[in-house]
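Here's the structure, in C-alpha cells; my notes come after.
Residue numbers (full-length UniProt numbering): 1 to 380.
Written as C-alpha cells, this is what we have:
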C-alpha cells in the first residue's frame, strides 16, 4: 500500500488489478526513480526505457478506467516527465487513432504503437494559441485529389523530436472543420526542433513543429475525426489521466516530506514532533485524499459510460491546484533542501507547473464546468 493512500482506495482494485499496479510500481522504482534527476538536469530523454515500457504490456490493453488511472498515478509518483511521455503516446496519440480512426487504420497503427515499435505524438497546440485552439486553429489542410497538403506550425509537442507517428490536427480549408492526420516523421516538409531552456518536465522532448507543404494521403486522415468535437473526445479522456498524474505527484511529495520530518532534527528532536510541521503534513494528506477520492469516482463514472466533459474538467482543475499546494508545502517543510534535486522536491515543484497548465488550464476547465452547472457559456 502507498503511505499516501490513507483511505485505502487501492483496496477497490481486484487482486489481478493490484498485481498489475504493483508490477508497474516496482519497475518505476527500479528503473525510473533512480535516474530521473540525472536526466531531468540534462534535459535528456532516457531512450533505453522505451523498450522496457513495452515489456510492461500496458499500451493498447483494455482495462478498467480505475486501473488506467492508478497506473497514471504510479507514473506521476515516479516522475512527471515519464508519465507525460506515456500519456502522450498511449493516451493522446493512440487515443486519437482509437477514437477517430477507421477499423483499418486501427489495425495498421495501433499494434506497433502498443509494442512501442513506433512512438506517437499529438500535435494540437500552436505558437499563437492555446486555450482558443477550438476556434483559433491556424494549421490548414487542403485536399488535392487523394492527397492532403498541410501547412502551419505547432508548439509544445511532446515526444515530437523522436516520434515515428505524429497526429496532427488541422483546419480543412474547404469546410472550416478540424480534422486529424497521421504524419510519419520523415515526411518531406515536416520538421521538429526541440524546445530548449524549459524549467519543467525537462525530460520530455517538447518540440516546435513546422509543416510546410506536407503531403498526407487520404488513407492517413483519421476517418472518424470530422470536427473539433471529435478531438475533444480524446481530450476528455486524457484530461482525467492528468488528474491522476497530479495525485501521484502529490503523493510522492507527501511521502518524501513525511519521511524527512521523521529524520530531520532541530532543537534536539525530529521536526515531526512540531505542531506546525504536523499541520503541513495533515494539509498535504487532506489534499491527497480528496483528490484521490475524486479521481476514483471519476473512473467509476467512466466505466459506467456516464461521465461528461465537466467531470474530467473539474478533476483536472481541482487536482492540479491541490497538487501545487502540496508540492509547495513539501518544499516549505524541507526548507533549503527543497530547492535541490537531491530530495526530488525541487523537481516536483517545477514539474507541477506544467501539469497545472497542460490539457486545459484551470481557467478553461473551470469554464467547462461553469457552463455545465449554470447552463450558460462564458467563453470569449
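All C-beta atoms, glycine included, are put in the ideal place defined by N, C-alpha and C.
Pick helix, strand or coil for residue 324, following the three-state DSSP scheme.
-> In this structure, residue 324 counts as helix in the three-state DSSP scheme.
Which one of 68, 43, 53 and 140 has the shortest CA to CA distance from residue 10?
-> When 68, 43, 53 and 140 are compared, the shortest CA-CA separation from residue 10 is found for 68.
Starting from the N-terminal side, write out each stretch of the beta strand (DSSP E) that is 3 residues or longer and does not extend beyond the segment 89-128.
-> Those beta strand (DSSP E) runs which fall completely within the segment 89-128 and span 3+ residues are 120-123.
Please determine, among 122, 296 and 259, the residue with the shortest C-alpha to C-alpha distance to residue 222.
-> 122
Leaving out five residues on either side along the sequence, give the residues of the same chain with a beta carbon under 7 angstroms from the beta carbon of residue 96.
-> 122, 167, 180, 222 and 234
Grouping DSSP H, G and I as helix and E and B as strand, with all else coil, what is residue 212?
-> strand
Would you report the Cα separation of residue 269 and residue 193, rounded to the nearest angstrom?
-> 52 angstroms
Every unbroken alpha helix (DSSP H) inside the segment 214-267 [4 residues or more] | Taking only runs of at least 4 residues, the alpha helix (DSSP H) segments lying wholly in the segment 214-267 are 228-263.
Spell out the partners DSSP gives residue 152 in its beta bridges.
-> According to DSSP, which records beta bridges pairwise, residue 152 is partnered with 211.
Mapping DSSP to helix, strand and coil, what is residue 11?
-> helix
Do residue 153 and residue 188 have their CB atoms nearer than 9 angstroms?
-> Not closer than 9 angstroms, so no.
To the nearest angstrom, how far is it from the Cα of residue 208 to the Cα of residue 84?
-> 17 angstroms
Leaving out the 5 sequence neighbours to the left and right, which residues in its chain are closer than 8 angstroms to residue 131 when beta-carbon positions are compared?
-> Once the five neighbours on either side are set aside, the close Cβ partners of residue 131 are 360, 361, 363 and 364.
Grab me the residues of residue 204's own chain with a C-beta within less than 7 angstroms of its C-beta, minus the 5 sequence neighbours each way, in chain order.
-> The residues are 81, 84, 85 and 158.
Going by C-alpha distance, which of 243, 332, 319 and 316 is nearest residue 278?
-> 332
Would a C-beta distance cut-off of 9 angstroms place residue 397 and residue 183 closer than the cut-off?
-> With the chain covering 1 to 380 only, the question about residue 397 has no answer from this structure.
In terms of DSSP beta bridges, what is residue 192 paired with?
-> DSSP, once it has assigned bridges, lists 209 as partnering residue 192.
Rounded C-alpha distance that separates residue 148 from residue 92 = Taking the CA atoms as reference points, residue 148 sits about 22 angstroms from residue 92.
Roughly how many whole angstroms lie between the Cα atoms of residue 398 and residue 103?
-> Examination of residue 398 is not possible in this model, given that the chain is present from 1 through 380 alone.
Residues in its own chain within less than 8 angstroms of residue 338 by CB, not counting five upstream and five downstream?
-> Excluding positions up to five away in sequence, the list reads 330, 331, 332, 345, 346 and 349.
Under three-state DSSP, which class holds residue 168?
-> Correct three-state label for residue 168: strand.
Where residue 184 sits in the DSSP three-state scheme = strand
Neighbourhood of residue 340 by C-beta distance below 6 angstroms, restricted to the same chain and skipping five residues each side | 346
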